[in-house]
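As structure tokens, the structure follows; a few thoughts come after it.
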Amino acid sequence: MSIEGTVRRVLGGEREAYAEIVEACQDRLRAALGGYCRSAEELEEVCHLAFIEAYRKLAEFDPGRGPFVSWLLTIGRNGLLMELRRRKAEGERAARYLERAAESGPAFEDAERARLALANCLAELGPAEREMVSARYGGGWTSEKLAAKLGKTAGAVRMLLQRLRERLRECIERRLGAEGEP
Amino acid sequence: MTGREFEDLLAAHFDGALDQAGAAQLDEFLASDPRAAGRFAELTAVEGLLRARAAGPGATERLAARVMRSVRNGGSRERFTDKVMAALPERQPGRRRPWSVAAAAAVLAMGLGAWAAMRDSYPEPRASGPYRVSGGGEVRRGSVLSTAEGPAAVALGGYCRIELGPRSTLRLEGAKRAEQVFLEQGEVRCEVNRAVGSFAVRTEVGTVSVTGTQFSVRVIGAEGGGDMYGKRMFVKVLAGAVLLGGTWGSAVLQAGEDKTVPEVTKVKGTVVTACPQGKMLKLKTDAGQEITFGVLSKAAEQVKALKAGNQVEVSCVRCPKTGTLLVAAVSGVVQGGDAGKGENQAPPELTKFKGTVVFACPQGKMLKLKTENGQELVFGVLEGAAEQVKALKAGSQAEVSCARCPKTGNLMVLSVSVVGQNEKPAPDKDLAPPRPTSWVEGKPEPPAPDQPAGIRGTVVLACPQGKMLKLKTDAGQEITFGVLSKAAEQVKALKAGNQVEVSCVRCPKTGTLLVAAVSLIKGNP
């Protein structure tokens, strides 16, 4: 069943069916907002609130105006914007970036293909680079902690991470540009 | 702006380390260069994809469960958000309620930091089941818990649930929201809630760090002896991911994966030298590479039995302390054609030296001699000659019988005899016994003669045999010490995490710092 169909079930009184929506849409929501959050914990918090807000507003969702995921992303983005604006300069800056991104549309048109491409691009990295990515994003290691582990400065680790991001970006673009599986 | 400057700004931005000036520069550049802005947007998307991917395999179910708890207005109230959400009246979807009202406003306005601050009652460690606390008393941070035949359960910080397996010993370490345990022996199974705090399981072999996952750790003891370097660690991840780290390296394990570290490696080759005491083995591989191994005590007898020329396969592990390959077992011994011609068989070639004793180690383990032609020689000492060396005084004229160690090439004293005594020994810096050493910001300094200083720090590793001590100083530097025999018992009694001050001397032969005495500043001995 499509997400829109599940939405109808929830609105019809099947409250528990909302879990299916949460399971189906959360990766997209995380990917869309993750670049603007300060930590994995904050991202989880923002996603949680976005789903709650979407649940409250569910009757306002109009399938004729677009897919549910886009509607959910707008709710999540607005929630995050509120949080970012509450902070001072740093948050306002991130809010500006988020608004600009919303105006110019998604950086990768097909989010699902981008997600698959990322998985393949990560597999192209060397073992040490993969471990660094895992420690950073999976383990939540700060640059300072990674630096201590690798015997480098935090600045050098930041640059290494930036080069990895850049390689992944190029790889995703290349794969999305090619036909077939990304 | 140069490309390099832009890269620097991007690196700092994605690390949350951009200062105000840098932020202004980045903003200005992005506004003026659409290509850079496009790339920035894509990099931000990559960052988002990486974060989404890192949420891990269990994240989908966790978030769904959390959202549904809030939707149902009940369930667990372990998090502030859940409390706020649960406090709202149940509503049917569709009834307009802007995010800015009570719940969302409270949560967002307070932020995560304030949320953490609100949780003022942090749970104390709890344990249940058949367990024993070393030294008695209640379970608290620092306690050592042991089980006998049955498992016990331990809860830490309200977010770490640990099942301690039978015949296991666990020390509770860590701090609030940074829980940590040290598994001395046995097995633990852990379940850690994400986003509350960090958790780590330490063992003598390494550390398993997690942020939210289910996994188990088992310490595999050295069979046939208390050799700590023979210990290994088996880690299995059920959900999420863990990071393993140790002196042997590091690895990331995902759900469904398991790993035993340090890994056992098998090496095939021809025996070049096998130490008669079974403490060292030198192999020549088929590729022509010569590898020298240390030997775990459980494999010593096997190594003793080897002859040069034997074809063997050895299972070895990397010493977590030094990274040296250590033989754990020897198999597939085939008598080689030149067995009997190797160094094992040939008696060591004896050499004699005459000279003046410059320094004789009080423990009889090292001798420094100045020969008649002015050459200074440093000797190791075989056990049988230790007493003779102990009895030597600087300035004595001595004749030394020695042989070269087949492993290191060092000259080893077999016997020594005094042939005369000088009136006044020639002054030499080595004549003075090694002085206690202090350590200030990583630099050894001679202490004031009347006030020998020590080194203060936290015990990282204390060898159970009392032969090695690893400290982390307050400045964050890790120092590894050898241990003089008189301090061995003190070192044996130490535990990781103890705060100590050690008095040490520098070994005149190797320059290694040697612990002469330890005093405990803080921690349970």
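Protein chains in written order, with this note's numbering: chain A, 1 to 182; chain B, 1 to 525. Ideal Cβ positions, reconstructed from N, Cα and C, are used throughout, including at glycine. Quick caveat, the model's predicted, so the values are computed rather than measured.
- Pairing B:VAL219 with B:GLN180 gives a Cβ-Cβ distance that is not under 7 Å.
- In the pairwise beta carbon analysis, the stretch 27–44 of chain A is classified as touching the stretch 48–55 of chain B: at least three pairs are separated by under 8 Å.
- Buried is the label assigned to B:LYS365, since at least 16 other Cβ atoms lie within 10 Å of its Cβ.
- Residue burial annotation: A:ALA111 is buried, with at least 16 other C-beta atoms found within 10 angstroms of its C-beta.
- For B:ALA21, no CB of chain A lies under 7 Å from its own CB, so it is not counted at the interface with that chain.
- The stretch 161–180 of chain B and the stretch 138–146 of chain B touch, with no fewer than 3 CB-CB distances between them shorter than 8 Å.
- Identification of chain B residues near A:ILE3 by a Cβ-Cβ cut-off of 7 Å yields none; the smallest Cβ-Cβ distance measures about 14 Å.
- B:LYS176 carries a coil assignment under DSSP once its states are collapsed to helix, strand and coil.
- Inclusion of B:LEU9 and B:GLY22 in the CB contact set at 7 Å is warranted, their separation being smaller than that value.
- By the Cβ-count criterion, A:ILE52 is buried, with 16 or more other Cβ atoms from all chains shown falling within 10 Å of its own Cβ.
- Not a single C-beta of chain A is nearer than 7 Å to the C-beta of B:THR371.
- In the DSSP assignment, B:GLU478 is bridged to B:LYS472.
- DSSP, read as helix, strand or coil, puts B:LYS307 in coil.
- With contacts defined as CB atoms closer than 7 Å, B:PHE353 and B:LEU367 fail to qualify as a contacting pair.
- Closest option to B:ASP286, judged by alpha-carbon separation, among B:LYS298, B:LYS268 and B:VAL381: B:LYS268.
- Distance from the CA atom of A:ALA59 to the CA atom of A:ILE3, rounded to whole angstroms, is 14 Å.
- CA-CA distance, B:LYS486 to B:LYS467, rounds to 11 Å.
- Residue contact check for A:LEU118 against chain B: a CB pair falls below 7 Å.
- Take B:GLU290, set aside five residues on each side of it, and the residues of its chain with a beta-carbon closer than 8 Å to its own are VAL272, LYS282, LEU283 and LYS284, in chain order.
- Inclusion of B:VAL235 and B:VAL192 in the CB contact set at 7 Å is not warranted, their separation being larger than that value.
- Rounded to whole angstroms, the Cβ separation of B:VAL217 and B:VAL201 is 5 Å, and the two are in contact under 8 Å.
- Pairwise C-beta distances place the stretch 120–139 of chain B in contact with the stretch 150–161 of chain B, as three or more of them are shorter than 8 Å.
- Distance check between B:ALA493 and each of B:VAL502, B:ALA462 and B:LEU471 places B:ALA462 closest, using alpha-carbon atoms only.
- Taking 7 Å as the threshold, the shortest C-beta distance from A:SER134 to chain B falls below it.
- Nearest Cα to B:SER315 within the set B:VAL303, B:SER331, B:ALA305 and B:ALA300: B:SER331.
- For A:GLN162, the enclosing alpha helix (DSSP H) starts and ends at 154–177.
- Taking a beta-carbon distance threshold of 7 Å, B:GLU187 does not count as an interface residue toward chain A.
- At a cut-off of 3 residues, the continuous stretches assigned as beta strand (DSSP E) that sit fully inside the stretch 356–406 of chain B are 366–371, 376–381 and 396–404.
- At a cut-off of 3 residues, not a single continuous stretch assigned as beta strand (DSSP E) sits fully inside the stretch 90–120 of chain A.
- A direct Cα-to-Cα measurement between A:ALA119 and A:GLU99 gives close to 27 Å.
- With contact defined as three or more Cβ pairs closer than 8 Å, the stretch 71–82 of chain A and the stretch 20–34 of chain B are not in contact.
- Using a 10 angstroms sphere on the CB of B:ALA394, the tally of other CB atoms reaches 16 or more, which defines it as buried.
- Residue environment: B:THR356 is assigned as buried (16 or more neighbouring CB atoms within 10 Å of its CB, all protein chains considered).
- The Cβ of A:SER70 sits no closer than 7 Å to any Cβ of chain B.
- Take A:LEU84, set aside five residues on each side of it, and the residues of its chain with a beta-carbon closer than 8 Å to its own are TYR36, GLY91, GLU92, ALA94, ALA95 and LEU98, in chain order.
- A straight line joining the alpha-carbon of A:ALA107 with that of A:ILE172 spans about 11 Å.
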